Amino acid sequence: MRLLLATFLAFFCALTVHAVKREDFKECHQTSFCRRLRAIADKQAAKPDFTSPYSVSDPKRTPDTDGYSWTFPLHSALYPDVNFEMRVDLLEEGIVRVRADEVNSPSGLQRYNETAKWVFQGEPRIAKDGADVKNEADITTIKYGKDKELELDIVHKPLQITMKRNGKPQVVFNERSLFHVEHYRKQVEKPAEGGEDVKVEEGEEQVVFQNGDEIDRSWFETDDKDMFKETWRKWTDSKPKGPEGLSVDFTFPGVEHVFGLPEHASPLSLPSTVGEDSYYKEPYRLWNVDIFEYEADSPMALYGAVPLIHAHSKHSTVGVLNLVASETWVDVAHDKDGVRTHWVSESGIVDFLILPGPRPVDLFEQYASLTGPAALPPHWATAYHQCRWNYNTQDEVIEVQDEFDKADMPLDVTWLDIEYAPHHRYFDWNKASFPDPPKMLDDVASKGRKMVAIVDPHIKREDSFRIYSDAKGLDVLIKRADGENFDGWCWPGSSVWVDFFNPKSWEWWTRMFSFPVWTDSTPALYIWNDMNEPSVFDGPEITMPKDNRHVGGWEHRDLHNLNGMMFHNQTQAAITVRESTPKRPFVLSRSFFAGSQRYGAVWIGDNLGTWAHLAGEAAVFLSNSVAGISFVGSDVGGFFGNPSTEILTRWYQAGAFMPFFRAHAHIDTKRREPYLFPEPVKSQLRDVLRLRYQMLPLWYNAFHDAATKGHPVIWPQYAYHPTDTKGFAIDDQYYVGQSGLLFKPVVTEGATETSVYLADNEPYYDYFTHTVYPASSKPRNVTIATPIDRFPLLIQGGHIFPTRERVRRSSPLMWQDPYTLTVAIGRDGTAKGELYSDDGETFAWQEGEIVHAQYTYEKGVLSSRHKGEWRKDNAWAKKIAHVGVERVIILGAKKAPKSVKIAGEEVQFAYEKPQGGKAGTITIKNPPVKIVDEWEIVIA
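Residue numbers (the numbering used here): 948 to 1887.
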């Protein structure tokens, strides 16, 4: 056993060669269903006039709803004896949902139909009014939306569904006749020539007829020896249900750019995967895997999967959410008429939703209405986190805390990787190295800080380990195909996995985190869920066999991409309720799916400390953010390798503008805590850490928008400027919330200047120097000096944003500190912004215990008004009633004011006139105003 585990450890820890082992992961041609279903597109390309064999009959109102919902009998001329059914729901906000499934199958088998159950925050509401419906001439037409600008055309024969806006097609389902559902069938024996039996599928005839025309069944079904059992390398997939794949195509007319399909290390604007000039030769794969040393530019699957795509033009935006949790491959093809996509999945029902837009912000809100907005994190979680594999002793943890203090560097969270647990028995502590965990946690908490410890899903298979014995006794472990508990290899050696789809596991898992049970934990300890794809070292593609069984008899193939989210969900639920007053949890997850934003943060896994990985990360963050997963970051400095001080400095600068800001490193890397470096590197790292803390109010505003509106924490260029065609493909710069703060990381070795793209007719102000880049009616690139201690950080004119300039050792210690308001005057002489504040740790914000100020600047008056409905006498507002504004900085003032008054009383100010390219600036120090009050500052 020790030798085998050592072999796996060597495989996962080797640092001599930094390259993903591609042979450990499949390509499409190595997977039976992908070979079969992707080939349909090749045949269609050779015969583009092919007519789909699928059709529907006239609809009937769905009996279980009184809203706009219809059921269509669905037919396939390929298999006239197989019964299908299609359901179309018109949901609130103009969203359309289409489902199709096989019904009354003679096999008695059922396709997996529970993906939506775990993804949606609640059952979507079917619209009850506001639509006009017509059924005539084999077409069902539904007009809906404001002024009936939206239209859904369902052509019955051959089946095709088109969503239009103002008469223009936005998305077309089955435009290329690639739709196909592999029905359940039996495998039967037939005698072969020479007397040897061969296995073939039932109903082998290859020619059928549709409207008198011959249809070659092999168009959709090929003679694939792996349809009923599949072997890859040393593993065999038993496939007890046989083939059950899905093929769907969505065409987006008139667009050049599609976004989404995370998680991939690829450009934000998804390049083509088909054709001679395609950027990639493989489809984008959605299959959550533990991919070791992944490539910086590839369509290979990573740790998460969200089957959501946005198609965008300057005229409108539309989205498709394809609710399939099985392995899925997506081809993207760009041509002069638009973008065509082809999705093939291994199992599940057809269940897709069309999000109508028409703007990116509408898509964000529509998606959040289905899957839920992001959780509002505890305030401290938005600050700086320090991690490595591993801090090995209790003394070392305290030493790290002390060294940050000595270096005057802020820190909120220290992390523990797998070595804190003896033999990787999570929840237990190695008492030789951590003799008194509660004391350690209390010492850390005394400085306002927290700790995070890893709890992975693999459970050491050892009878003396309480987690294993409990799970076995409750019978909540994932099973093998033969019904016995599955065991595989991971960090503890022989391991088992809890089936978190099983409700019997939920209360028990919650109890495991309670303080009476986990006696060595305290309220200062939070959790990291790693390896939850799940990672299985001796499994196919370093994960679990597809024919493993979950509760309800579902196979792992059906719900693999949901697995990590279920683990994340139950852990955050447990952390939430462990105190009498529920606290906002913090649980980091590596694996995710649609809806994971409800449960916390993610990071993008085992990156390398190279320029290429640093350069590609912004696109990954933005892609995740488009799909709702915007509390995202990377291992600052790279997980693998020993980056130069230049790379490390640039990575910290980038990290300060990641929603999740954590440094992390492999166990074999050199120690690289920021306080360890000589000057001037040490000061450069200190400055960027302090900058993050100064800007925490700005970040918290963005996280609040994510939690209440479903907006991303960081905004890609195309979403922030949706009509600027030149900026749609830009993915190396982004905006923090809707604050107007534009950031671009420096990702080139030796860069002394960096070009930034400005899309709009507004002035932009350099955050550090107050240099102004004037408004222009045309998009432009500006060049900014970026020596090693500088990077592009610009404020878009027209915005006001709050900062806190007094940085303390941790963010909770800053709660009484005053704010600075920076006013960046826009082209029209106005500006606006806001400040959101709450207690940062409980759910009292949902009951109105907040302060939310709206700031405006117009005609020389800076005013503060209450935003929304909150009472000044709420508990939080009263607690911070003394907190004021210590400075107001107004950028873009063309001349000195005659006076500055508050409530008729003059206050002191300073004025710097515009010169040398710098903006004119008015600075008002210590104005007698509080953030809980409404007030005006009059600048004459």
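All residues carry an ideal CB built from backbone N, CA and C; glycine is no exception.
As the structure is a prediction and not an experimental result, all values here were calculated from the model.
Between L1125 and S1194 a beta carbon distance of about 5 Å is seen, short of the 8 Å cut, so the two are scored as contacting. Note that the segment 1093 to 1103 does not touch the segment 1173 to 1190; fewer than 3 beta-carbon pairs, one per stretch, sit closer than 8 Å.
Between F1514 and F1738, the alpha-carbon positions lie close to 38 Å from each other. The bridge partners DSSP lists for D1582 are R1609. Short of 7 Å from the beta carbon of S1263, and not among the five residues preceding or following it, lie these beta carbons of its own chain, in chain order: R1112, Q1117, G1304 and P1305.
Per DSSP, I1614 is not a residue of any alpha helix (DSSP H), being assigned neither H nor E. The criterion of a C-beta distance shorter than 9 Å is not satisfied by R1633 and P1625. Taking a contact as a CB-CB distance under 8 Å, the pair P1726 and G1674 counts as one, their CB atoms being some 7 Å apart.
Taking a C-beta distance under 9 Å as the contact criterion, H1503 and D1494 qualify as a contact pair.
Under the rule that a run must span 3 or more residues, the beta strand (DSSP E) segments found entirely inside the segment 1775 to 1813 read 1778 to 1784, 1798 to 1805 and 1808 to 1813.
Using a Cβ distance threshold of 9 Å, G1815 and H1799 count as a contacting pair.
A1840 has its alpha-carbon roughly 14 Å from the corresponding atom of Y1711. Going by beta carbons, K1104 and S1002 fall inside the 9 Å limit.
A distance below 9 Å separates the beta carbons of V1830 and P1765.
Counting the other CB atoms within 10 Å of its CB gives P995 a total below 16, which places it among the exposed residues.
The straight-line gap separating the alpha-carbon atoms of Q1763 and K1825 is approximately 12 Å. Between T1012 and T1701, the alpha-carbon positions lie close to 57 Å from each other. For P1209, the closest alpha carbon among the candidates T1528, F972 and W1276 is that of W1276. For N1082, the enclosing beta strand (DSSP E) starts and ends at D1079 to E1083. Segment contact: the segment 1019 to 1037 against the segment 1220 to 1232, fewer than three CB-CB distances shorter than 8 Å; contact not assigned. Taking each of A1541, D1678, E1240 and Y1091 in turn and checking the Cα distance to T1318, the smallest one comes out for A1541. From the listed residues D1375, I1073, L1472 and P1053, the smallest Cα separation to L1038 is found for I1073. By the C-beta criterion, the segment 1029 to 1036 is judged not to be in contact with the segment 1252 to 1271, since fewer than 3 inter-stretch pairs fall below 8 Å.
Between the C-alpha atoms of V1066 and G1744 there is a straight-line separation of about 39 Å. Within 10 angstroms of the beta-carbon of T1670 lie fewer than 16 other beta-carbons, which makes it exposed. The segment 1243 to 1252 and the segment 981 to 993 do not touch, with fewer than three beta-carbon pairs separated by less than 8 Å. Contact between Q1685 and D1652 holds: their C-beta atoms lie close to 7 Å from each other, under 8 Å. DSSP places D1184 in the uninterrupted beta strand (DSSP E) bounded by W1182 to D1184. Per DSSP, reduced to three states, the secondary structure at W1438 is coil, with no helix or strand assignment.
It is roughly 12 Å from the alpha-carbon of D1505 to the alpha-carbon of F1448.
The alpha-carbon of V1297 is positioned some 14 Å away from that of T1018. I1827 is a Cβ neighbour of V1879, given a cutoff of 9 Å.
Here Y1622 carries a helix assignment [DSSP, helix/strand/coil]. Residue H1371 holds the alpha-carbon nearest to the alpha-carbon of S1442 among P1532, L1688, A1400 and H1371. In the displayed model, F1311 falls within a helix according to three-state DSSP. No residue range can be given for I1073, since it is assigned to no alpha helix (DSSP H) and is classified by DSSP as neither H nor E.
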